[in-house]
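Visitor: Handing you this structure, nothing more for now.
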Amino acid sequence: MHAPPPPKNLLNAPLLGRLLRWRWGRLFGQMLLLLAAILLLYDGFTGPPLAPENLATVIIWVHYRGILIFTLLFAGNLFCMNCPFTLPRTLARKLSLSGKRWPRQLRNKWTAIAVLILYFWLFEWLDLWASPLFTAWIILAYFIAAFVLEAVFTESPFCKYVCPLGTFNFASATISPLQITVNTPSTCKTCVGKECVNGSNQTLGCGTQLFAPRITSNMDCTLCLDCVRACPHDNVALILRHPLAEVTNANAWPRRWDLNILILVFAFTGISNAFGMVPPIYALEAWLAGVLGTNNEGIVLLLIFAALNFALPVGLGLGAAWISRALSKQSESLRVTLSRYAPAFAPLAFAGWLAHYGGFHFLSSALAIIPVFQNFLLDHGITAPGQPDWSLGPIMPLSWLDPIELGIVLAGFAASLYVLNYRARQNRPKPIGLGAQLPWIVLLLGLAVAMLIVFYLPMEMRGSAFFS
Ligand code: SF4
Ligand code: SF4
-9 MHAPPPPKNL
1 LNAPLLGRLL
11 RWRWGRLFGQ
21 MLLLLAAILL
31 LYDGFTGPPL
41 APENLATVII
51 WVHYRGILIF
61 TLLFAGNLFC
71 MNCPFTLPRT
81 LARKLSLSGK
91 RWPRQLRNKW
101 TAIAVLILYF
111 WLFEWLDLWA
121 SPLFTAWIIL
131 AYFIAAFVLE
141 AVFTESPFCK
151 YVCPLGTFNF
161 ASATISPLQI
171 TVNTPSTCKT
181 CVGKECVNGS
191 NQTLGCGTQL
201 FAPRITSNMD
211 CTLCLDCVRA
221 CPHDNVALIL
231 RHPLAEVTNA
241 NAWPRRWDLN
251 ILILVFAFTG
261 ISNAFGMVPP
271 IYALEAWLAG
281 VLGTNNEGIV
291 LLLIFAALNF
301 ALPVGLGLGA
311 AWISRALSKQ
321 SESLRVTLSR
331 YAPAFAPLAF
341 AGWLAHYGGF
351 HFLSSALAII
361 PVFQNFLLDH
371 GITAPGQPDW
381 SLGPIMPLSW
391 LDPIELGIVL
401 AGFAASLYVL
411 NYRARQNRPK
421 PIGLGAQLPW
431 IVLLLGLAVA
441 MLIVFYLPME
451 MRGSAFFS
């Protein structure tokens, strides 16, 4: 029997490999995004106050989110690779004000989960998508937070433990087709300096403290390729893998509460974020405000999103784990049961975000960028080709969107069912049968149905002038 061929190392591909290894390659990508960020800050702070006419709101809430989600699906975490927020961070690292490590108690995903939930709450409460000014402030806040945290702490706590965009990207990249690994594990055994993680006088080591020969997951990998440049043995590889390779690997993730709860939260926020754009949210808000006797929308929304994004995933996840453990008659902790099944939620969770950001907002509004740019040029006395046509938006017939969203959710659901069954069957010493998988199947089915119900309700457009 032949051994499977070694995975293709993209760093050895003719042109792409040279580009990826290029010393200034990352800086070049970061500078491009930095210029884009400066343009968005400028228009956000000084441009038209109407969201559909402002570059900041249209590009961030339509194009950035849409392109990001397709990139994560077909390539990987290329946004973190080219992230402009880490540019001032590099300066901060040189300042290295205190040299402290990030507190041990916070070296987990709980802060990231809390910040992610707070971010989605702020998004709804302050209507970030409708305000160029708030959008610009959010961009600025990212730069400041990345700079301050990197200046105070020695590692890269902003990316690994705080940044909500990074958290979203890490969770999504668990089903991306690119991953860092090493060519020859035996070389690493005799490697003295472990420069891929430690760095050297000339090169940076891994900012998020990943050790290349032990990487089994894209979680926390920013694809910065610092490990590639640091390894003196040219032993680091960037491989193409099956998108489900990580979530079907029982040993890919540590059995930690925070990591596995993060995936459930990632799935539920995908639905609640869309729920914030459909009519029933207003009825729920009014009802809850009446029950609480308050008109404070911030408090009402905080309670709704804390329930939908944290209480519900944790409660239902633990409930499913408890029933599943009882049905399988396994004597193990709930943490172990949850860790066996939570990775199966990643494909459906990602499908929900893909259907919403990519299948709906991006496909229905991508062309809105044309009149917004024309308007920007005209406002600044630059002759634009033609007058803005504010009806531009969809890049395909709108009647196609519902079937596309349905197809994406069904594909994600099928992939999740496959991963669930695979992980259960791989259990040792005894495979786990269909009966004990039932609570998880019901939960996945409930999520898929909830996605379709919410996505098929009339949805507010965010950041574009086009209304369906
Ligand atoms: S990847 Fe390179 S630097 Fe890291 S342990 Fe292996 S040989 Fe050493
Ligand atoms: S593993 Fe390599 S590519 Fe990933 S974050 Fe660390 S240094 Fe960057």
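According to this note's numbering, the residues represented by the sequence shown are -9 to 458, in order. For each residue, glycine too, the CB sits at the ideal point set by N, CA and C. It should be emphasised that the depicted structure is a prediction, and the values quoted were computed from it without experimental measurement.
Grab the span of the alpha helix (DSSP H) containing Leu228 for me, first residue to last.
Guide: Position 238 of the sequence shown holds residue 228. Run containing Leu228: none in the alpha helix (DSSP H); it sits in the beta strand (DSSP E), 226 to 230.
Visitor: Tell me the DSSP bridge mates of Thr284?
Guide: Here residue 284 is taken as the residue at index 294 of the sequence shown, counted from 1. DSSP lists no partner for Thr284.
Visitor: Counting only runs that start and end within the stretch 143 to 204, where is the beta strand (DSSP E) found for 3 or more residues in a row?
Guide: The stretch 143 to 204 contains these whole beta strand (DSSP E) runs: 168 to 172.
Visitor: Please list the segments of the alpha helix (DSSP H) lying wholly inside the stretch 233 to 288, counting only runs of 4 or more residues, in order along the chain.
Guide: Here the runs fully enclosed are 247 to 265, 270 to 282.
Visitor: Compare the Cα-Cα distances from Asn208 to each of Glu322, Leu5, Asp369, Pro233 and report the closest residue.
Guide: Position 218 of the sequence shown holds residue 208. Checking every option, the nearest Cα to that of Asn208 belongs to Pro233.
Visitor: Tell me whether Asn(-1) sits in a helix, a strand or coil according to DSSP, three-state version.
Guide: Along the sequence shown, one-based indexing puts residue -1 at 9. Asn(-1) falls in the strand class under three-state DSSP.
Visitor: Use the C-beta contact count for Phe457: other C-beta atoms within 10 angstroms, 16 or more gives buried, fewer gives exposed.
Guide: Taking the sequence shown and counting its residues from 1, the one referred to as residue 457 is at position 467. With a pLDDT of 41 at Phe457, under the threshold of 50, the predicted position of this residue should be treated as unreliable, and no value is reported.
Visitor: Can you grab the Cα-Cα spacing for the pair Lys150 / Trp92, in whole Å?
Guide: Translated into positions along the sequence shown, residue 150 becomes position 160. Translated into positions along the sequence shown, residue 92 becomes position 102. Rounded to the nearest angstrom, the two C-alpha atoms are 10 Å apart.
Visitor: Compare the Cα-Cα distances from Ala104 to each of Leu123, Pro38, Thr177, Leu249 and report the closest residue.
Guide: Position 114 of the sequence shown, counted from the first residue, corresponds to residue 104. Looking at the Cα atoms, Leu249 is the closest of the given residues.
Visitor: Pick out every residue whose C-beta is nearer than 6 Å to a heavy atom of ligand 1: which are they, in chain order?
Guide: Ordered along the chain, the selected set is Val172, Thr177, Cys178, Cys181, Lys184, Glu185, Cys186, Ala202, Pro203, Cys221, His223, Asn225, Val226.
Visitor: Can you tell which of Pro270, Pro175, Val182, Ala220 has its C-alpha closest to the C-alpha of Gly195?
Guide: Translated into positions along the sequence shown, residue 195 becomes position 205. Of the candidates Pro270, Pro175, Val182, Ala220, the one whose C-alpha sits nearest the C-alpha of Gly195 is Ala220.
Visitor: Go to Ser329, then tell me how far its alpha helix (DSSP H) extends in each direction, as first and last residue.
Guide: Sequence index remark: in the sequence shown, residue 329 carries index 339 (1-based). Residues 324 to 331.
Visitor: Between the C-alpha atoms of Ala440 and Ser162, what's the straight-line distance to the nearest angstrom?
Guide: Residue 440 sits at position 450 when you count from the first residue of the sequence shown. Residue 162 sits at position 172 when you count from the first residue of the sequence shown. Cα to Cα, the separation comes out at about 20 Å.
Visitor: Counting along the chain, where does the alpha helix (DSSP H) carrying Asn365 start and finish?
Guide: As a first step, residue 365 is located in the sequence shown; it is residue number 375 there, counting from the start. Run containing Asn365: 359 to 369, per the alpha helix (DSSP H) assignment.
Visitor: Assuming Leu433 contacts Ala332 (C-beta within less than 8 Å), just tell me the rounded distance between them.
Guide: Numbered from its first residue, the sequence shown carries residue 433 at position 443. Numbered from its first residue, the sequence shown carries residue 332 at position 342. That pair is no contact at about 11 Å.
Visitor: Between the stretch 210 to 224 and the stretch 305 to 321, do three or more beta carbon pairs fall short of 8 Å?
Guide: As far as the Cβ criterion goes, the stretch 210 to 224 does not touch the stretch 305 to 321, which means the pair count is below three.
Visitor: Hey, Pro378 and Gln364 are a contact pair by Cβ (cut 8 Å); roughly how many whole angstroms apart?
Guide: In the sequence shown, the residue the question calls residue 378 occupies position 388. In the sequence shown, the residue the question calls residue 364 occupies position 374. About 4 Å separates the two Cβ atoms, so the contact holds.
Visitor: Just how far apart, CA to CA, sit Leu45 and Tyr109?
Guide: In the sequence shown, the residue the question calls residue 45 occupies position 55. In the sequence shown, the residue the question calls residue 109 occupies position 119. Looking at the two C-alpha atoms, the distance is approximately 21 Å.
Visitor: Thinking Thr212 and Asn2 are a contact (beta carbons under 8 Å), I'd like their distance in whole angstroms, please.
Guide: As a first step, residue 212 must be located in the sequence shown, where it is residue number 222. As a first step, residue 2 must be located in the sequence shown, where it is residue number 12. Contact doesn't hold; Cβ gap of about 22 Å is too wide.
Visitor: Between Val362 and Val48, which are expected to be in contact by the criterion C-beta below 8 Å, what is the C-beta distance as a whole number of angstroms?
Guide: Locating residue 362 in the sequence shown gives position 372, where the first residue counts as 1. Locating residue 48 in the sequence shown gives position 58, where the first residue counts as 1. So it is a contact: roughly 5 Å between Cβ atoms.
Visitor: For Tyr459, count neighbouring C-beta atoms within 10 Å of its own C-beta (all shown protein chains included) and say buried if the count is 16 or more, exposed if not.
Guide: An answer regarding residue 459 cannot be provided, because it is not within the stretch -9 to 458 covered by the chain.
Visitor: Would you mind giving the Cβ-Cβ distance between Ala345 and Glu395, rounded to the nearest angstrom? I have them listed as a contact below 8 Å.
Guide: As a position in the sequence shown, residue 345 is number 355, starting the count at 1. As a position in the sequence shown, residue 395 is number 405, starting the count at 1. That belief holds up - the Cβ atoms of Ala345 and Glu395 are roughly 4 Å apart, short of 8 Å.
Visitor: Which residue spans inside the stretch 376 to 429 form an unbroken alpha helix (DSSP H) run of at least 4?
Guide: Counting whole runs of 4 or more residues, the stretch 376 to 429 contains the alpha helix (DSSP H) stretches 391 to 415.
Visitor: Compare the C-alpha of Asp210 against each of Ala102, Trp277, Ala240, Glu114 and name the closest.
Guide: Residue mapping note: residue 210 aligns to position 220 of the sequence shown, counting from 1. It is Ala102.
Visitor: Is the beta carbon of Asn98 sitting closer than 8 Å to the one on Leu23?
Guide: What you label residue 98 is simply residue 108 of the sequence shown in a count that begins at 1. What you label residue 23 is simply residue 33 of the sequence shown in a count that begins at 1. For Asn98 and Leu23, no; Cβs fall outside 8 Å.
Visitor: Distance check for Ala276 and Ser329, CA to CA, integer angstroms please.
Guide: Within the sequence shown, residue 329 is the residue found at index 339, counting from 1. Within the sequence shown, residue 276 is the residue found at index 286, counting from 1. Roughly 38 Å separates the two Cα atoms.
Visitor: Going by DSSP, what residue range makes up the alpha helix (DSSP H) through Cys217?
Guide: Position 227 of the sequence shown, counting from 1, holds the residue named residue 217. 216 to 220 is the extent of the alpha helix (DSSP H) around Cys217.
Visitor: With DSSP as the reference, please indicate the residues paired to Lys90 in a beta bridge.
Guide: Position 100 of the sequence shown, counting from 1, holds the residue named residue 90. Partner(s): Phe143.
Visitor: According to DSSP, is Phe456 part of a helix, a strand, or is it coil?
Guide: Here residue 456 corresponds to residue number 466 of the sequence shown, with the count starting at 1. For Phe456, the pLDDT reaches just 45, beneath the cut-off of 50, and the residue's location in the model is therefore unreliable, leaving the point undetermined.
Visitor: Near Val187, what residues of its chain come up, given a Cβ to Cβ distance below 6 Å and the 5 sequence neighbours on each side ignored?
Guide: Residue 187 sits at position 197 when you count from the first residue of the sequence shown. The residues are Gly195, Cys196, Phe201.
Visitor: I need the boundaries of the alpha helix (DSSP H) containing Cys70, first residue and last residue.
Guide: Sequence index remark: in the sequence shown, residue 70 carries index 80 (1-based). Cys70 -> alpha helix (DSSP H) spans 68 to 71.
Visitor: Report yes or no: do three or more beta-carbon pairs, one from the stretch 55 to 66 and one from the stretch 336 to 353, lie closer than 8 Å?
Guide: Yes, since at least three Cβ pairs between the stretch 55 to 66 and the stretch 336 to 353 fall closer than 8 Å, the two stretches touch.
Visitor: Please work out which residues of its chain come closer than 8 Å, Cβ to Cβ, to Leu30, disregarding the five sequence neighbours upstream and downstream, and give them in chain order.
Guide: The residue labelled residue 30 in the question sits at position 40 within the sequence shown. The residues are Leu45, Ala46, Ile49, Ile50, Thr125, Ala126, Ile129.
Visitor: Starting from the Cα of Trp115, find the closest Cα among Leu298, Leu407, Asn286, Gln320 and give me that residue.
Guide: Here residue 115 refers to the residue found at position 125 of the sequence shown. When only C-alpha atoms are compared, the closest one is Asn286.
Visitor: Can you give me the Cβ contacts of Arg204 inside the same chain, cut-off strictly under 7 Å, excluding the 5 residues immediately before and after it?
Guide: Numbered from its first residue, the sequence shown carries residue 204 at position 214. Here the set comprises nothing.
Visitor: Identify whether Ala65 lies in helix, strand or coil by the three-state DSSP scheme.
Guide: Stepping through the sequence shown from its first residue, residue 65 is reached at position 75. Note: Ala65 maps to coil in three-state DSSP.
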